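Read the structure below first, then the notes.
There are 2 protein chains.
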Amino acid sequence: MDLEKLNYAQRERLAFIDFCLQFIGQIARADLINHFKTGLASCSRDLTLYRELAPNNLELKHEDKQYYRKNEFQPLFTHNPEAVLNSLCRGFGDGLSNGLHPSSHCFDATRLIHPDSNVIATLMRAINNKKPVRCDYVSLSSGESRREIVPHSIANNGQRWHVRAFDRKTDEFRDFVCTRLQNVSEIHQPVSDNQLAANDISWNNIINVELRVHPSVKHKKAIELDYNMINGVLRLEVREALLGYLMRQWNVDCTKNASLEGDEYHLWLSHINELENVASMKISPGYQ
Amino acid sequence: MDLEKLNYAQRERLAFIDFCLQFIGQIARADLINHFKTGLASCSRDLTLYRELAPNNLELKHEDKQYYRKNEFQPLFTHNPEAVLNSLCRGFGDGLSNGLHPSSHCFDATRLIHPDSNVIATLMRAINNKKPVRCDYVSLSSGESRREIVPHSIANNGQRWHVRAFDRKTDEFRDFVCTRLQNVSEIHQPVSDNQLAANDISWNNIINVELRVHPSVKHKKAIELDYNMINGVLRLEVREALLGYLMRQWNVDCTKNASLEGDEYHLWLSHINELENVASMKISPGYQ
DNA sequence: AATGATGTTATCAAAATGATTGCTTCTCAT
DNA sequence: ATGAGAAGCAATCATTTTGATAACATCATT
Numbered sequence: 001m002d003l004e005k006l007n008y009a010q011r012e013r014l015a016f017i018d019f020c021l022q023f024i025g026q027i028a029r030a031d032l033i034n035h036f037k038t039g040l041a042s043c044s045r046d047l048t049l050y051r052e053l054a055p056n057n058l059e060l061k062h063e064d065k066q067y068y069r070k071n072e073f074q075p076l077f078t079h080n081p082e083a084v085l086n087s088l089c090r091g092f093g094d095g096l097s098n099g100l101h102p103s104s105h106c107f108d109a110t111r112l113i114h115p116d117s118n119v120i121a122t123l124m125r126a127i128n129n130k131k132p133v134r135c136d137y138v139s140l141s142s143g144e145s146r147r148e149i150v151p152h153s154i155a156n157n158g159q160r161w162h163v164r165a166f167d168r169k170t171d172e173f174r175d176f177v178c179t180r181l182q183n184v185s186e187i188h189q190p191v192s193d194n195q196l197a198a199n200d201i202s203w204n205n206i207i208n209v210e211l212r213v214h215p216s217v218k219h220k221k222a223i224e225l226d227y228n229m230i231n232g233v234l235r236l237e238v239r240e241a242l243l244g245y246l247m248r249q250w251n252v253d254c255t256k257n258a259s260l261e262g263d264e265y266h267l268w269l270s271h272i273n274e275l276e277n278v279a280s281m282k283i284s285p286g287y288q
Numbered sequence: 001m002d003l004e005k006l007n008y009a010q011r012e013r014l015a016f017i018d019f020c021l022q023f024i025g026q027i028a029r030a031d032l033i034n035h036f037k038t039g040l041a042s043c044s045r046d047l048t049l050y051r052e053l054a055p056n057n058l059e060l061k062h063e064d065k066q067y068y069r070k071n072e073f074q075p076l077f078t079h080n081p082e083a084v085l086n087s088l089c090r091g092f093g094d095g096l097s098n099g100l101h102p103s104s105h106c107f108d109a110t111r112l113i114h115p116d117s118n119v120i121a122t123l124m125r126a127i128n129n130k131k132p133v134r135c136d137y138v139s140l141s142s143g144e145s146r147r148e149i150v151p152h153s154i155a156n157n158g159q160r161w162h163v164r165a166f167d168r169k170t171d172e173f174r175d176f177v178c179t180r181l182q183n184v185s186e187i188h189q190p191v192s193d194n195q196l197a198a199n200d201i202s203w204n205n206i207i208n209v210e211l212r213v214h215p216s217v218k219h220k221k222a223i224e225l226d227y228n229m230i231n232g233v234l235r236l237e238v239r240e241a242l243l244g245y246l247m248r249q250w251n252v253d254c255t256k257n258a259s260l261e262g263d264e265y266h267l268w269l270s271h272i273n274e275l276e277n278v279a280s281m282k283i284s285p286g287y288q
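If you read the sequences in order, they're chains A and B. Counting in my numbering, the first sequence runs without a single skipped number right up to 288 at its last residue. Counting in my numbering, the second sequence runs without a single skipped number right up to 288 at its last residue.
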């Protein structure tokens, strides 16, 4: 029997069983019924099929009529850690949210900023259509104003979702915070080439940086483990436009001699291939 | 025709169509085939069904043989913004990762710390089973040591995934960074009550805090929009044990008179119902 | 005007699913 | 210790869904 030959729905249910066994340790028929709104007999069939594919993965305990993960468990599916944690926090099953929380013991960081789904939708479509967008924007520095922007990407900077766009007011590419956009609407006009992503130099410029454990850290190994460093070094390629955010998000000490003090500095920027003219770096801890 | 009456797989495909129209603006049969590995005729059926359910949502453009979102579009499914952005960045379709990235224009913040999937699995199962765990832990303050801990929750503090657990070495509840745990294995022994979640006082204690726009911010409205504040106030209920992380994650100025300087301080802690003895607050910006 | 790519519709066979039944196993309360 | 109850299993059959195929439609391109 081959996993590939099964249909999407069947694979999905098997993956669910696999997931529950691995990350919860147990599964009952009722869980499957709840999640997939499937019939009773189907669940038995699914469990039987799973058992055939992986006989050593589970066993039924009659005390509580649940299937338990056996020690010899070998996952049938590869579970990406990020996706797993997301599933545990928010519920398994993207797209259709049927509210089943696999775990009440897993908590993602509190998000205080929630972009509006319609704003995201309008922006994403405009990006896809290569069309400009008209909106009211409330800037931190200059307050509210009506704008025309030509968006090309959406990115999270660790705190907020930004849209990267050509700003027709200032004639340059800038980041706009998604939650500060209001009354967004696509403009059905063509866009001149110079306002498209290909011309956003600091977006397209990839910077190589090298991070090391901050010298003030007592037990280097802890940080090396966190960042999965090889020989104490973590090499990254980052868009120039996003570099400053990254440094701030991860509290990277950007002084030349790692001279910042504070428990939060676990990393130090030990090398960067272009230090000059990286505008986004101005928000980095200790930069110049 | 009623959405509820359709089976899971069918609803999923309709949700996918709905999602693509709303957040990409278009969809072709090939996209469905790619994603669900479904037959050709099925896709036509799905699109036909979708059209029956929402005749004004899409139209076929023959120039490129794609279905396009119409202006009158009304979503058939509710798309949670967080889930949407996740889908755009990582691909639609949890559980089964078939690698279809709906968008190459959407980027989540760079994650530099990736917990090991097996460690998470072992921890989650131990939590569910209320069992202790033996592991090697590399602490920032005291280095490497063998430990026994009794975990009860996993939480992200904005940067890292932590496991909240009773530490048998220090006889108190503590946070352990998931990536610093090695050689993790469940101990098949019962746990005494005082080591279980119910006894983790600072975890169970919910603190009420009130955040306001930092007085140094020029255009208050921008921040109010970000945090969807009501009358300039954002009220939160936070676990005491996590409060300090939250304050640091969101750069909340925790001085009494909002006296911290720096562009990153958008928020100010204007009220807290218990200020004394909140140990986790010691990492908060400007606390005491 | 022919060609090719893609979508549509109809039809039929194959596969998956739902529902029902009778059975088993084990726990728990009596 | 024993019978009721809960949950799972396996077999069967009806129903629904899906896959495959073919004939046709539409439009852009050449």
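Each residue gets a CB set at the ideal place from its N, CA and C atoms; glycine is no exception. Predicted model, so just to flag it, every value in this text is computed and none were measured.
| Item | Value |
| --- | --- |
| Rounded C-beta distance between A:I127 and A:S153? I'm assuming under 8 Å. | 7 Å |
| Return the residue from the list B:S141, B:S202, B:L32, B:D108 that minimises the CA-CA distance to B:V177. | B:S141 |
| Which word fits B:P151, buried or exposed, when buried means at least 16 other C-beta atoms lie within 10 angstroms of its C-beta? | buried |
| Listing by chain order, which chain B residues have their CB less than 9 Å from the CB of A:T38? | N7, Y8 |
| Within 9 Å of any Cβ in chain A, is that where the Cβ of B:T110 sits? | yes |
| What does DSSP give as the partner residues of A:P151 in its beta bridges? | A:A165 |
| Using 10 angstroms around the beta-carbon of B:N7, count the other beta-carbons present and answer buried if the total reaches 16, otherwise exposed. | exposed |
| List, in order along the chain, the chain B residues whose C-beta lies closer than 9 Å to that of A:K221? | V138, G143, E144, R180 |
| What in chain A is Cβ-close to B:M124, meaning under 8 Å? | F23, I24, G25, L88, S103, H105, C106 |
| Looking at C-alpha atoms only, which residue of A:P132, A:L88, A:L123 is the closest neighbour of B:I117? | The residue asked about is misnamed: residue 117 of chain B is Ser in this sequence, not Ile. Minimum Cα distance to B:S117 is reached at A:L88. |
| B:D31 versus chain A: which residues are under 7 Å apart at the beta carbon? | Those do not exist, as B:D31 stays about 13 Å from chain A at its closest Cβ, beyond 7 Å. |
| Could you name each continuous alpha helix (DSSP H) segment of 4 residues or more that falls completely within the segment 199-257 of chain A, going from the start of the chain to the end? | 201-204, 220-226, 240-249 |
| Put A:K5 into one of helix, strand or coil per three-state DSSP. | helix |
| Flag this pair as yes or no: are the beta carbons of B:I201 and B:H214 separated by less than 9 Å? | no |
| Looking at B:L53 and B:L3, is the spacing between their C-beta atoms short of 9 Å? | yes |
| Let me check one thing: in DSSP terms, what residues is B:C135 bridge-paired to? | B:R147 |
| Identify whether B:D171 lies in helix, strand or coil by the three-state DSSP scheme. | coil |
| Using DSSP's beta-bridge definition, name the partner residues of B:R69. | B:L58 |
| Assuming A:E240 and A:N205 are in contact, meaning their beta carbons sit under 8 Å apart, how far apart are those beta carbons, in whole angstroms? | 4 Å |
| Quick check: is the beta carbon of B:H152 nearer than 9 Å to any beta carbon in chain A? | yes |
| Got a sec, what are the start and stop residues for the alpha helix (DSSP H) B:H35 sits in? | 29-36 |
| For A:M124, I'd like the list of residues in its chain whose CB is within less than 8 Å of its CB, leaving aside the five on either flank, ordered along the chain. | I154 |
| Ends of the alpha helix (DSSP H) at B:I272? | Where B:I272 is concerned, there is no enclosing alpha helix (DSSP H), although the beta strand (DSSP E) it sits in stretches over 267-272. |
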